[in-house]
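Engineer: Going down the list, the protein sequences come from chains A and B. Numbering-wise (the working numbering), the first sequence opens with residue 1 and increments by one. Numbering-wise (the working numbering), the second sequence opens with residue 301 and increments by one.
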Amino acid sequence: MSALSGLLDILKGDAQADRVVPRRGHSVRLTLFTSGAMAFLAVFALALSLASGRLADRWSEALARSSTIRISAPAAQMEAQIWAVLEVLEQTPGVASARALTEQEQRDLLEPWFGPDLPLEDLPVPRLVEVIETAEGYDPDGLRLRLAAEAPGAVLDDHTRWRRPLVRAAERLRSLGWISMALILGSVAAMVTLAAQSALAANVKVIRVLRLVGARDHYIARAFVRRFTLRALTGATVGTALGMIAIALLPSAQEEGGFLTGLGFAGLHWLWPLTVPILSAITAFWATRAAAFKTLRSLP
Amino acid sequence: MIELQDAAYGYGGGSLLSDINLRLAPGSFHFLTGPSGAGKTTFLKLCYADLQATSGRVTLFDQDTSEMSRDEIAHARQRMGVVHQDCEFLDHLPLSENIALPLTVAGRGGVEQDGNLSELMGWVGLSARANALPPELSGGERQRAALARAVITDPDVILADEPTGNIDWEMSLRLLQLLVELNRMGKTVLIATHDLALIRAAKAQVSARVLRIASGRLQLAGADL
Ligand SMILES: Nc1ncnc2c1ncn2[C@@H]1O[C@H](COP(=O)(O)OP(=O)(O)OP(=O)(O)O)[C@@H](O)[C@H]1O
Ligand SMILES: [Mg+2]
Chain A
1 MSALSGLLDI LKGDAQADRV VPRRGHSVRL TLFTSGAMAF LAVFALALSL
51 ASGRLADRWS EALARSSTIR ISAPAAQMEA QIWAVLEVLE QTPGVASARA
101 LTEQEQRDLL EPWFGPDLPL EDLPVPRLVE VIETAEGYDP DGLRLRLAAE
151 APGAVLDDHT RWRRPLVRAA ERLRSLGWIS MALILGSVAA MVTLAAQSAL
201 AANVKVIRVL RLVGARDHYI ARAFVRRFTL RALTGATVGT ALGMIAIALL
251 PSAQEEGGFL TGLGFAGLHW LWPLTVPILS AITAFWATRA AAFKTLRSLP
Chain B
301 MIELQDAAYG YGGGSLLSDI NLRLAPGSFH FLTGPSGAGK TTFLKLCYAD
351 LQATSGRVTL FDQDTSEMSR DEIAHARQRM GVVHQDCEFL DHLPLSENIA
401 LPLTVAGRGG VEQDGNLSEL MGWVGLSARA NALPPELSGG ERQRAALARA
451 VITDPDVILA DEPTGNIDWE MSLRLLQLLV ELNRMGKTVL IATHDLALIR
501 AAKAQVSARV LRIASGRLQL AGADL
């Protein structure tokens, strides 16, 4: 049986083949419970991954890789300092482009605070230079030193930079979530392998009788594989449902709310947890199959 | 069907059977005798590939058993009916399902099973026990059930290890009758037994060869049998 037809067989079922292995043992409840508990945890790991992924995206967008340089200087020196700043920026590695905001743009920026008739010319308003960095970014300390030398009135404002470590942390958190998912599936595989091995060991005599009357290994293995796959599927479905309910009941997230209130699924992300029972079933299928064939080959 | 060429077998280094040469021709009827512990069961295990000869060749349906995959062995067993000396069953299934087991595992359950099963169970006198679980059966009932299980698939070869050990004479003759009929239909039969009366009863009906294992060798038994 190829893996796919094997999986389809499992879903179709074969009542007679299923009966040849006795239904007994505590491994039933253990498998159900453990796969349920693992699925519950997996839902949280998924929520963590997706939420921290969203957070990382939002924060890195906010960075947008732009910063501003503010130049305060007596009107007479203003033009010269702007030029000096632009020249420094031109020679700074990591700067993609730089441009001074026009007076009109500055007026537009200030209008909300001071109203439309602001006599900008008469006020000592600093001028702004917008800096767009390349992906690598520039070295802010080096740039500050050079600005101090060339244009003493220039102040580099890279306030968005403090968020960079946070983005990194969020990204790390996202990978930790995925690693947790992998570990959880690995645990499901290990647990199902142990349970299947114990079920196989408890049925050595049954297996012997089946072999003697001409049963192929596939036939015998299928009875075990079907049983454990369905148990893992059932347990994981219940666990996933409970996990999703628990997450749905978390206090709702605000747009820019704190990290904890952001934990949960958004929109189509609610479909992700539905993969947990399927992945658990596939994992159980392979784990039992491997354990069954290994045991069967060791028996005459 | 089954052929052994210079086959030998020993448990843990020792030698139990050696220089075994035998060809079970299609449609032949053989008995196998010998003292307890002579190696009759071991010989049969070589024939259904439960054991592999330590030297020589065992050929099953034209395939060397030492080169057969597990699936090929399973497939060959589906063409054979074996009554094992210890008559193991699946203790959680009722007798009727146990007797039909070879059909079930060969994917031949259902229609084919319904036809033969009740008739066969009637012949071996187990109709009333169809729903009993194997642990509830007597030794003789188990042996009769084992024979029914061995022949339900209409196999080409029937190997029976002491099929009448715990059974009264009348029922033994009934079982023999079944095997003789199957042999007349062209099936190959080999029966390991201590029961000389059974052998005589058979020889009155079919031409059976009687083999004997003594000191590890296979011989043709004397004409007195
Ligand atoms: N698994 C085993 N390991 C070691 N020795 C074994 C094993 N099975 C059988 N023997 C030994 O091999 C010898 C032959 O056993 P076997 O069962 O083939 O004899 P048998 O002719 O069928 O005897 P019986 O008429 O009592 O059934 C015996 O001495 C037995 O102790
Ligand atoms: Mg014996």
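Ideal Cβ positions, reconstructed from N, Cα and C, are used throughout, including at glycine.
If you measure between the beta carbons of residue 95 of chain A and residue 89 of chain A, is that distance less than 7 angstroms?
Structural biologist: Taking the first sequence and counting its residues from 1, the one referred to as residue 95 of chain A is at position 95. Taking the first sequence and counting its residues from 1, the one referred to as residue 89 of chain A is at position 89. Yes, the pair counts as a contact, with Cβ atoms nearer than the cut-off.
Engineer: With a threshold of 6 angstroms, establish whether the CB of residue 493 of chain B neighbours any heavy atom of ligand 2.
Structural biologist: Position 193 of the second sequence, counting from 1, holds the residue named residue 493 of chain B. Checking the Cβ of residue 493 of chain B against ligand 2 gives no.
Engineer: Can you list, in chain order, the residues of its chain with a C-beta nearer than 7 angstroms to that of residue 53 of chain A? Leave out the 5 residues immediately preceding and following it.
Structural biologist: The residue labelled residue 53 of chain A in the question sits at position 53 within the first sequence. Closer than 7 angstroms at the Cβ level, and outside the excluded window around residue 53 of chain A, lie 174.
Engineer: State the beta-bridge partners of residue 330 of chain B as determined by DSSP.
Structural biologist: Taking the second sequence and counting its residues from 1, the one referred to as residue 330 of chain B is at position 30. Per DSSP, B:490 and B:509.
Engineer: With the cut-off set at 7 angstroms, would you say residue 181 of chain A and residue 45 of chain A are in Cβ contact?
Structural biologist: For the purposes of this step, residue 181 of chain A is identified with residue 181 of the first sequence, where counting begins at 1. For the purposes of this step, residue 45 of chain A is identified with residue 45 of the first sequence, where counting begins at 1. Yes. Within cutoff.
Engineer: Please find out if some non-hydrogen atom of ligand 2 comes closer than 6 angstroms to the beta-carbon of residue 345 of chain B.
Structural biologist: For the purposes of this step, residue 345 of chain B is taken as the residue at position 45 of the second sequence. No, ligand 2 has no heavy atom inside 6 angstroms of this Cβ.
Engineer: Indicate the three-state DSSP secondary structure (helix, strand or coil) for residue 381 of chain B in the structure shown.
Structural biologist: Stepping through the second sequence from its first residue, residue 381 of chain B is reached at position 81. It is a strand residue.
Engineer: Do you know whose CA, among A:38, A:58 and A:77, lies nearest residue 170 of chain A's CA?
Structural biologist: Residue numbering aside, residue 170 of chain A sits at position 170 when the first sequence is read from its first letter. With distances taken between Cα atoms, residue 170 of chain A lies closest to A:58.
Engineer: Would you mind sorting residue 66 of chain A into buried or exposed? The rule is 16 or more other CB atoms within 10 Å of its CB.
Structural biologist: Residue mapping note: residue 66 of chain A aligns to position 66 of the first sequence, counting from 1. Counting Cβ neighbours within 10 Å, residue 66 of chain A comes out exposed, since fewer than 16 surround it.
Engineer: Applying a beta-carbon distance threshold of less than 9 angstroms, which residues of chain B neighbour residue 208 of chain A?
Structural biologist: Within the first sequence, numbered from 1, the residue matching residue 208 of chain A stands at position 208. Within chain B, the residues near residue 208 of chain A are 388.
Engineer: First and last residue of the alpha helix (DSSP H) that includes residue 241 of chain A?
Structural biologist: Residue numbering aside, residue 241 of chain A sits at position 241 when the first sequence is read from its first letter. Unbroken alpha helix (DSSP H) run through residue 241 of chain A: 217-248.
Engineer: Do you know whose CA, among B:505, B:481, B:476 and B:484, lies nearest residue 491 of chain B's CA?
Structural biologist: Mapped onto the second sequence, residue 491 of chain B falls at position 191. Nearest of B:505, B:481, B:476 and B:484 to residue 491 of chain B, Cα basis: B:476.
Engineer: By how many angstroms is the C-alpha of residue 150 of chain A removed from the C-alpha of residue 68 of chain A?
Structural biologist: Within the first sequence, numbered from 1, the residue matching residue 68 of chain A stands at position 68. Within the first sequence, numbered from 1, the residue matching residue 150 of chain A stands at position 150. Their backbone Cα atoms lie some 17 angstroms apart in a straight line.
Engineer: Determine the chain A residues that contact residue 377 of chain B at a beta-carbon separation under 9 angstroms, and present them in chain order.
Structural biologist: As a first step, residue 377 of chain B is located in the second sequence; it is residue number 77 there, counting from the start. Neighbours of residue 377 of chain B on chain A, chain order: 211, 212, 213, 214 and 215.
Engineer: So, does the CB of residue 261 of chain A fall closer than 7 angstroms to a CB anywhere in chain B?
Structural biologist: Here residue 261 of chain A corresponds to residue number 261 of the first sequence, with the count starting at 1. The predicted model places residue 261 of chain A with a pLDDT of 48, which falls under 50 and marks its position as unreliable; any figure quoted below should be read in that light. Judged by the 7 angstroms Cβ criterion, residue 261 of chain A is not in contact with chain B.
Engineer: Give me the chain B residues within the contact set of residue 300 of chain A, using Cβ-Cβ distance strictly less than 7 angstroms, ordered along the chain.
Structural biologist: Along the first sequence, read from residue 1 onward, the residue named residue 300 of chain A stands at position 300. The contacting residues are 350.
Engineer: State the CB to CB distance for the pair residue 341 of chain B and residue 461 of chain B, rounded to an integer number of angstroms; the pair is presumed to be in contact (CB under 8 angstroms).
Structural biologist: Looking up residue 341 of chain B in the second sequence gives position 41. Looking up residue 461 of chain B in the second sequence gives position 161. Confirmed, Cβ separation roughly 6 angstroms.
Engineer: For residue 519 of chain B, verify whether its CB is less than 6 angstroms away from any heavy atom of ligand 2.
Structural biologist: Here residue 519 of chain B is taken as the residue at index 219 of the second sequence, counted from 1. Answer for residue 519 of chain B: no, Cβ out of range of ligand 2.
Engineer: Determine the chain B residues that contact residue 205 of chain A at a beta-carbon separation under 9 angstroms, and present them in chain order.
Structural biologist: Taking the first residue of the first sequence as 1, we reach residue 205 of chain A at position 205. Per Cβ cutoff of 9 angstroms: 388, 390 and 391.
Engineer: Grab the span of the beta strand (DSSP E) containing residue 519 of chain B for me, first residue to last.
Structural biologist: Position 219 of the second sequence, counted from the start, is the residue given in the question as residue 519 of chain B. 517-520 is the span of the beta strand (DSSP E), which, as asked, contains residue 519 of chain B.
Engineer: For the alpha helix (DSSP H) that contains residue 108 of chain A, what are its first and last residues?
Structural biologist: Your numbering for residue 108 of chain A matches position 108 in the first sequence. Here the alpha helix (DSSP H) through residue 108 of chain A covers 103-114.
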